[in-house]
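Below: the structure, in structure tokens.
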Ligand SMILES: Cc1cc2nc3c(=O)[nH]c(=O)nc-3n(C[C@H](O)[C@H](O)[C@H](O)COP(=O)(O)OP(=O)(O)OC[C@H]3O[C@@H](n4cnc5c(N)ncnc54)[C@H](O)[C@@H]3O)c2cc1C
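In the working numbering, the protein residues as written are 43 to 362.
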């Protein structure tokens with residue numbers, strides 16, 4: 043077991059984690075960042091990022107994340123390739139276990155562990171991922187303007203994504219597994235009133251169809267009648283929820299029913315002093331790279347204020 047003590051420990055290497063690192067490093071706090079199993083985060087799974095400000099021609103996701111890493115390292119961030127496997131926030135300093143063996147003690151911790159989109163788990167979904175299959179309408183809808191798409195899901199997110207896509211696409215097929223939606227009444231009404239959204243009830247995805255050009259259709263099966271049918275589409279959007287990567291913090295941090303970490307509104311402060319949550323791990327609403335980066339900045343500034351106040355308090359006690 044090795045020991046290391048840091049002022050600011052950042053968990054996660056997506057836009058939130060690296061932005062927190064840039065700010066903490068430039069404040070002289072010598073942050074240490076653990077990348078986790080997906081160095082660079084979710085954007086490393088996409089080719090085209092067209093909505094992050096500052097890239098007029100768009101940017102490849104993995105390239106953008108390498109740039110963010112370099113920027114964080116330039117100011118002195120120590121980037122470590124490790125997975126945080128446990129935490130102990132019961133006392134001070136905070137303790138974090140990396141790869142089940144190394145215990146790191148930290149004066150402050152910024153959690154930037156993101157969230158993972160849920161997929162149906164069928165092979166064709168993986169085959170056409172990024173070639174017509176997407177879990178983010180706001181990110182990828184633009185690529186399907188003037189085309190026909192399907193959205194899977196029955197909750198508020200599915201209703202929102204369907205209405206968002208209806209503004210861009212010629213037609214949206216909403217595939218609902220049961221004979222009713224879970225979405226709120228108002229969201230359902232919005233869907234029902236949108237002329238170019240067609241709801242398919244009791245519809246389960248049997249297979250996503252396609253060729254070298256990408257997705258060309260979806261075969262659905264009616265789970266009441268067993269009847270199969272094919273809908274020609276070019277885009278297939280999943281809206282069946284996200285799982286925040288926060289289970290290791292459950293014992294200590296307040297979370298909502300899905301596992302999103304609760305923060306004091308207008309800040310990144312959690313219920314544990316010195317622990318801050320940023321990015322998708324604490325954001326069930328926006329889940330975008332720019333919002334993750336924005337809260338990453340907030341997390342570093344909150345941590346810096348916390349550390350400064352703590353140092354002053356310690357000096358006061360020492361002086362008497
Ligand atoms: C396919 C796809 C395309 C997208 N396209 C766009 C787009 O075009 N524009 C846009 O704005 N947004 C897009 N998004 C959304 C965007 O990627 C996310 O909103 C953003 O990445 C969230 O940033 P984050 O830093 O909070 O978390 P993430 O990017 O999810 O990063 C989380 C990080 O935490 C690490 N981690 C997790 N658990 C641990 C642990 N226990 N220990 C250590 N590290 C851990 C992971 O390894 C990862 O590095 C897309 C998402 C996907 C999936």
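Glycine is no exception: its CB is placed at the ideal position from the N, C-alpha and C atoms.
Requested in this report: Would you mind giving the Cβ-Cβ distance between residue 7 and residue 94, rounded to the nearest angstrom? I have them listed as a contact below 8 Å.
Outcome: Outside the shown range of the chain (43 to 362) lies residue 7, about which nothing can therefore be said.
Report task. Check whether the Cβ atoms of residue 50 and residue 170 sit closer than 8 Å, and answer yes or no. Result -> Translated into positions along the chain shown, residue 50 becomes position 8. Translated into positions along the chain shown, residue 170 becomes position 128. Not a contact, by the Cβ cut-off of 8 Å.
Report task. Quick one: residues in its chain with C-beta nearer than 8 Å to the C-beta of residue 249, no 5 flanking neighbours on either side, listed in chain order? Result -> Stepping through the chain shown from its first residue, residue 249 is reached at position 207. 164, 166, 260, 261, listed in sequence order.
Query raised in the report: Under a three-way DSSP split, which group does residue 232 fall into?
Result: As a first step, residue 232 is located in the chain shown; it is residue number 190 there, counting from the start. Residue state, collapsed to three classes: helix.
Requested in this report: Verify the contact flag: residue 334, CB atom, against every heavy atom of ligand 1, threshold strictly below 7 Å.
Outcome: Your numbering for residue 334 matches position 292 in the chain shown. Within the cutoff, so yes.
Requested in this report: Pull up the CB-CB distance for residue 82 and residue 90, whole angstroms please, since I reckon it's below 8 Å.
Outcome: Taking the first residue of the chain shown as 1, we reach residue 82 at position 40. Taking the first residue of the chain shown as 1, we reach residue 90 at position 48. Rounded to whole angstroms, the Cβ separation of residue 82 and residue 90 is 15 Å, and the two are not in contact under 8 Å.
Report task. Taking 8 Å as the threshold, find out whether the region 332–341 comes into contact with the region 312–321 through three or more Cβ pairs. Result -> Yes: at least three Cβ pairs fall under 8 Å.
Requested in this report: Give the range of the alpha helix (DSSP H) segment to which residue 365 is assigned.
Outcome: For the chain, the structure presents residues 43 to 362; residue 365 sits outside this window and is missing.
Query raised in the report: How close, in whole Å, do the beta carbons of residue 159 and residue 197 come, if the pair is a contact with beta carbons under 8 Å?
Result: As a working note, residue 159 is residue 117 in the chain shown. As a working note, residue 197 is residue 155 in the chain shown. In fact, because the Cβ distance is near 13 Å, the residues do not count as touching under 8 Å.
Query - For residue 73, the nearest candidate out of 87, 327, 55 (CA to CA) - result: Taking the chain shown and counting its residues from 1, one reaches residue 73 at position 31. Of 87, 327, 55, the residue nearest in Cα terms is 55.
Requested in this report: Check whether the Cβ of residue 57 sits closer than 7 Å to any heavy atom of ligand 1, and report yes or no.
Outcome: As a first step, residue 57 is located in the chain shown; it is residue number 15 there, counting from the start. Yes, since a heavy atom of ligand 1 falls inside the 7 Å radius drawn around the Cβ of residue 57.
Query raised in the report: To the nearest whole angstrom, what separates the beta carbons of residue 84 and residue 156, a pair I think is in contact under 8 Å?
Result: Start at 1 with the first residue of the chain shown, and residue 84 comes out as number 42. Start at 1 with the first residue of the chain shown, and residue 156 comes out as number 114. Cβ atoms of residue 84 and residue 156 come within 8 Å of each other, at about 6 Å.
Requested in this report: Spell out the partners DSSP gives residue 285 in its beta bridges.
Outcome: Here the question's residue 285 lines up with position 243 in the chain shown. For residue 285, which the question treats as bridged, DSSP gives the partners 158.
Query - Test item: CB-CB of residue 207 and residue 237 under 8 Å - result: As a working mapping, residue 207 is identified with position 165 in the chain shown. As a working mapping, residue 237 is identified with position 195 in the chain shown. No, the Cβ-Cβ distance between residue 207 and residue 237 is not below 8 Å.
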